[in-house]
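For the sequence shown, the numbering used here gives the first residue as 1310, with consecutive numbering after it. Cβ coordinates follow ideal geometry from the N, Cα and C atoms, glycine included. What follows is a short report on a single structure.
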Amino acid sequence: MEERLKKCFNAVFPDLSADEIPRSSSASVATWDSLATVTLVSVIEEEFGIMIAPEDYEYMISFDLVSQCLESKTVNA
1310 MEERLKKCFN AVFPDLSADE IPRSSSASVA TWDSLATVTL VSVIEEEFGI
1360 MIAPEDYEYM ISFDLVSQCL ESKTVNA
């Protein structure tokens, strides 16, 4: 799952290296704004075949938090 999530991050943030992606956050990536968050959510939903509720977008602020959210969505699916 982590590799697929890294692929999603790379699609939205192509300037990040593979080493930077796991440590990335909205605070550390200058291009990570609200539009990037919506784009990232869309890419993740398509890749994993899940729906992320708009109220969960506020948690989409780092690779770790996105990964945790994704785990909870796929475990409960």
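Looking at the structure shown, is residue i part of a helix, part of a strand, or coil, going by DSSP?
i        : result
Ser-1333 : coil
Ser-1376 : helix
Ser-1326 : coil
Since residue i is in the alpha helix (DSSP H), which residue starts that stretch and which ends it?
i        : result
Ala-1320 : 1311 to 1321
Val-1347 : 1343 to 1357
Rounded to whole angstroms, what's the CA-CA distance from residue i to residue j? Just pull it up for me.
i        : j        : result
Ile-1353 : Asp-1324 : 18 Å
Phe-1372 : Leu-1349 : 11 Å
Thr-1346 : Ile-1370 : 8 Å
Arg-1313 : Ser-1343 : 22 Å
Glu-1329 : Met-1310 : 17 Å
Glu-1355 : Ser-1326 : 22 Å
Ala-1339 : Phe-1322 : 10 Å
Ala-1320 : Glu-1380 : 20 Å
Val-1375 : Tyr-1368 : 7 Å
Phe-1357 : Lys-1315 : 12 Å
Quick check on this structure: which residue in the options has the alpha carbon closest to the alpha carbon of residue i?
i        : options                                   : result
Ile-1359 : Lys-1382, Val-1375, Met-1369 and Asp-1328 : Lys-1382
Original post:
Taking one C-beta from the segment 1329 to 1338 and one from the segment 1359 to 1367 each time, how about it: are there three or more such pairs within less than 8 Å?
Top reply: Flag = no, the segment 1329 to 1338 and the segment 1359 to 1367 do not touch.
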